[in-house]
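The sequence shown finishes on residue 222 if you use the working numbering, and the numbering steps up by one all the way, no holes.
Ideal Cβ positions, reconstructed from N, Cα and C, are used throughout, including at glycine.
Remember, it's a predicted structure, so these values are computed and weren't measured experimentally.
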Amino acid sequence: SIVITGEEKKEVLQIIKNRCFETKSKLFQINKDFSVVTRNSSEKRIDFDFKSGNKVFKDLKLSLIGEYQAENAGLTIEAALSLEELGFKVSEENIRKALRGAFFPGRFEIINYKNRMIILDGAHNVDKMKSFLHSLNKYFPDKKKVFLVAFKTDKNIKDMVSEIEEYADEIIFSEFSVSTDMSKNPSFKISNLKSQISNRSNFYFEKDSRKALVDSLSF
Numbered sequence: 004s005i006v007i008t009g010e011e012k013k014e015v016l017q018i019i020k021n022r023c024f025e026t027k028s029k030l031f032q033i034n035k036d037f038s039v040v041t042r043n044s045s046e047k048r049i050d051f052d053f054k055s056g057n058k059v060f061k062d063l064k065l066s067l068i069g070e071y072q073a074e075n076a077g078l079t080i081e082a083a084l085s086l087e088e089l090g091f092k093v094s095e096e097n098i099r100k101a102l103r104g105a106f107f108p109g110r111f112e113i114i115n116y117k118n119r120m121i122i123l124d125g126a127h128n129v130d131k132m133k134s135f136l137h138s139l140n141k142y143f144p145d146k147k148k149v150f151l152v153a154f155k156t157d158k159n160i161k162d163m164v165s166e167i168e169e170y171a172d173e174i175i176f177s178e179f180s181v182s183t184d185m186s187k188n189p190s191f192k193i194s195n196l197k198s199q200i201s202n203r204s205n206f207y208f209e210k211d212s213r214k215a216l217v218d219s220l221s222f
């Protein structure tokens, strides 16, 4: 079997390597076996180069937004190319076409609502939050930033809030509840959240997510 990873933290990567050794799996690592180099990144698209062995794709155009998306696309391309070992044909033309039409809802998704720009992103850990915030600040450095956030109960809330604080003018904390095939995933309750973070003058708490959205548009 084949394992493709973008992980670069040594301790995590070692776990992956050990498991690949145990299962006799081939491991392909970003920046070792394949690479992604961003040429241009804007609020409209990302242009990047991809290299894997003797395959080099120059000036690929990705319709997704967020600098981290180029690396994600690189992992996808490497996975697609690995299918050739199983007899599949993967053309450069199809790769380029797929990237140009790619859409991932809730990942730096920009929508317009009542003449306001709203950006949706599902960053759910500290590393993903850092990546999202880095791109947000790069694309919109001078925009006022009002964050409406809710967290699942198993997340590192304190550290994520700490990252958001560096960029936010205002932060509204709310709740949500989502039912999946696996279980019902409730968010961290507002009543408990207040004890997890140090309150600030620009922190607001609204349990009803619909009301919280209306409130966020008033800032």
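- Within the same chain, Cβ atoms closer than 8 angstroms to the Cβ of aspartate 218 are found at Ile175, Tyr207, Glu209, the five residues on either side in sequence being excluded.
- The secondary-structure analysis by DSSP pairs proline 189 across a beta bridge with Ser180.
- With contact defined as three or more Cβ pairs closer than 8 angstroms, the stretch 29 to 46 and the stretch 76 to 88 are in contact.
- Residue pairing of valine 6 in beta bridges, as defined by DSSP: Leu30.
- The three-state secondary structure of asparagine 195, taken from DSSP, is helix.
- Between the alpha carbons of threonine 26 and phenylalanine 37 lies a distance of about 22 angstroms.
- Contact holds between the stretch 159 to 170 and the stretch 122 to 138, because three or more Cβ pairs, one in each stretch, are under 8 angstroms apart.
- With the rule of 3 Cβ pairs closer than 8 angstroms, the stretch 97 to 111 counts as touching the stretch 59 to 73.
- By the Cβ-count criterion, aspartate 124 is buried, with 16 or more other Cβ atoms from all chains shown falling within 10 Å of its own Cβ.
- For cysteine 23, the CB contacts under 6 angstroms within the same chain, skipping 5 residues up- and downstream, are Val6, Leu30 in chain order.
- In the displayed model, arginine 110 falls within coil according to three-state DSSP, outside both helix and strand.
- Beta-bridge partners assigned by DSSP to arginine 119: Tyr116.
- Per DSSP, the continuous alpha helix (DSSP H) segment holding valine 217 begins and ends at 212 to 219.
- For asparagine 75, the uninterrupted alpha helix (DSSP H) segment begins and ends at 71 to 85.
- In this structure, Val39 is the residue among Val39, Gln72, Ile113 with its C-alpha nearest to the C-alpha of serine 55.
- Straight-line spacing of the CA atoms in leucine 220 and arginine 119 works out to 8 angstroms.
- Lysine 12 has its alpha-carbon roughly 10 angstroms from the corresponding atom of isoleucine 18.
- Only exposed fits valine 59, as fewer than 16 other CB atoms lie within 10 angstroms of its CB.
- Here the alpha carbons of isoleucine 122 and lysine 146 stand approximately 12 angstroms from one another.
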